[in-house]
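Everything on this sheet refers to the single structure shown next.
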Amino acid sequence: MVLTVTSSTEAVRATEADARDHRRGLRLPRVRVLAIPNSVPEPAVSPADGDAKVVVAAGRPARVKRYEMLVDAFAMAGEDCPDWSLRIYGDGVERARIAERIAHHGLGDRALLMGMVTPIENEWVKGSVAAVTSAQESFGMTIVEAMRCGLPVVSTDCPHGPGEIIRHGVDGLLVPRDSTRDMADMLTTLMQDTERRKAMGRAARAGATDRFAPEDIAERYERLFRTLADEHSTRPAPTRLGSAGWRGRATVLAATARILSRGVVRRGRRTLRRAA
Numbered sequence: 426m427v428l429t430v431t432s433s434t435e436a437v438r439a440t441e442a443d444a445r446d447h448r449r450g451l452r453l454p455r456v457r458v459l460a461i462p463n464s465v466p467e468p469a470v471s472p473a474d475g476d477a478k479v480v481v482a483a484g485r486p487a488r489v490k491r492y493e494m495l496v497d498a499f500a501m502a503g504e505d506c507p508d509w510s511l512r513i514y515g516d517g518v519e520r521a522r523i524a525e526r527i528a529h530h531g532l533g534d535r536a537l538l539m540g541m542v543t544p545i546e547n548e549w550v551k552g553s554v555a556a557v558t559s560a561q562e563s564f565g566m567t568i569v570e571a572m573r574c575g576l577p578v579v580s581t582d583c584p585h586g587p588g589e590i591i592r593h594g595v596d597g598l599l600v601p602r603d604s605t606r607d608m609a610d611m612l613t614t615l616m617q618d619t620e621r622r623k624a625m626g627r628a629a630r631a632g633a634t635d636r637f638a639p640e641d642i643a644e645r646y647e648r649l650f651r652t653l654a655d656e657h658s659t660r661p662a663p664t665r666l667g668s669a670g671w672r673g674r675a676t677v678l679a680a681t682a683r684i685l686s687r688g689v690v691r692r693g694r695r696t697l698r699r700a701a
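Under our numbering, think of the first position of the sequence shown as 426, with each following residue one higher.
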């Protein structure tokens with residue numbers, strides 16, 4: 426999810442790379458584009474221990490996710506790690522194409538299409554490595570979800586999120602966006618090295634907790650809203666905002682931020698929209 430807040434002078438994107446692209450593309454000198462990441466709450470399950478020989482991917486099977494590339498990479502990695510399996514969670518129009526690619530490699534008993542499962546936290550912790558082969562990510566919620574569950578993430582270094590979320594070599598591994606071979610090699614690295622896999626999983630959980638906890642992200646939004654209220658307090662309130670003006674709207678937005686910090690995000694995008 427990307428939460429965007431705009432006024433006459435401010436816009437918020439979920440990554441600095443996305444904000445930079447907007448600043449470059451919009452070329453509006455009076456618009457200030459900021460970056461505040463999305464948040465992911467503390468999972469209600471114990472973290473993965475790194476022992477399960479399972480690679481996990483999650484997200485709607487769409488072309489941009491390139492799960493066929495993931496199946497190809499897993500087929501290569503599986504030659505050296507025949508006791509590992511791949512689980513892909515989510516439903517979408519590309520499911521049949523992915524199933525065909527699995528059959529092509531003869532991986533019917535090792536690469537499994539698990540369908541839609543909620544809550545996904547229960548499935549992340551059944552694996553030991555998370556994999557992302559997207560051509561593009563506006564942020565990368567599944568990356569943070571996996572990290573908060575204690576999984577290191579092997580991801581393509583695609584625009585805009587993975588490179589800002591994953592600390593390469595610390596809590597995950599980044600590979601060139603279009604290299605199936607490099608994806609296979611990095612998967613193999615973690616599949617074969619138990620100690621490194623576990624150490625990176627611990628680092629992933631700690632880092633994601635420090636950087637993407639809802640209460641911390643909500644606090645950043647509250648500071649932004651208060652700043653906007655102060656900056657606009659001397660300006661005439663726009664008609665559409667009513668008599669409350671910017672201070673009134675800032676109060677509403679700050680309240681929404683506090684709702685997010687209490688875990689509304691966990692109940693999904695639909696609930697978040699209703700709360701906002």
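Don't be surprised by glycine CBs; every beta carbon is placed ideally from N, CA and C.
Neighbour-count burial assignment, residue i, 16 or more Cβ in a 10 Å radius
| i | result |
| --- | --- |
| Lys-551 | exposed |
| Glu-546 | buried |
| Val-569 | buried |
| Asp-596 | buried |
| Thr-567 | buried |
| Gly-586 | buried |
Neighbourhood of residue i by C-beta, 7 Å cutoff - its chain only, sequence neighbours within 5 removed
| i | result |
| --- | --- |
| Ala-560 | Val-489, Arg-491, Cys-583 and Arg-602 |
| Ala-477 | Lys-551, Gly-552 and Ser-553 |
DSSP state of residue i mapped onto helix, strand, coil
| i | result |
| --- | --- |
| Ile-461 | coil |
| His-529 | helix |
| Thr-543 | coil |
| Arg-602 | coil |
| Thr-634 | helix |
| Arg-592 | coil |
Distance between residue j and residue i (C-alpha atoms, nearest Å)
| i | j | result |
| --- | --- | --- |
| Phe-499 | Met-625 | 20 Å |
| Ala-643 | Phe-637 | 10 Å |
| Leu-451 | Arg-438 | 13 Å |
| Arg-621 | Val-578 | 12 Å |
| Arg-448 | Thr-605 | 32 Å |
| Arg-627 | Arg-457 | 36 Å |
| Glu-656 | Glu-640 | 24 Å |
Nonlocal neighbours in the same chain, by C-beta distance under 6 Å from residue i, ignoring five residues either side
| i | result |
| --- | --- |
| Met-501 | Ala-609 |
| Asp-505 | Thr-613 |
| Gly-475 | Ser-553, Arg-622, Lys-623 and Gly-626 |
Residues near residue i in its chain [Cβ-Cβ closer than 8 Å; skip 5 each side]
| i | result |
| --- | --- |
| Cys-574 | Pro-468, Val-470, Pro-472, Ala-473, Glu-546, Trp-549, Val-550 and Arg-630 |
| Arg-485 | Gly-515, Asp-516 and Gly-517 |
| Asp-508 | Lys-478 |
Rounded distance between the beta-carbons of residue j and residue i, thought under 8 Å
| i | j | result |
| --- | --- | --- |
| Thr-554 | Val-480 | Thr is not the amino acid found at residue 554; the sequence shown has Val there. Going by Cβ atoms, the distance from Val-554 to Val-480 rounds to 5 Å, so yes, they are a contact pair. |
| Met-572 | Ala-633 | 4 Å |
| Glu-493 | Arg-455 | Between Arg-455 and Glu-493 the Cβ distance is about 44 Å, and since that is not below 8 Å, they are no contact. |
Near the ligand NAD: residue i beta-carbon under 7 Å from a heavy atom
| i | result |
| --- | --- |
| Glu-570 | Of ligands this structure carries none, so the ligand NAD is not represented either. |
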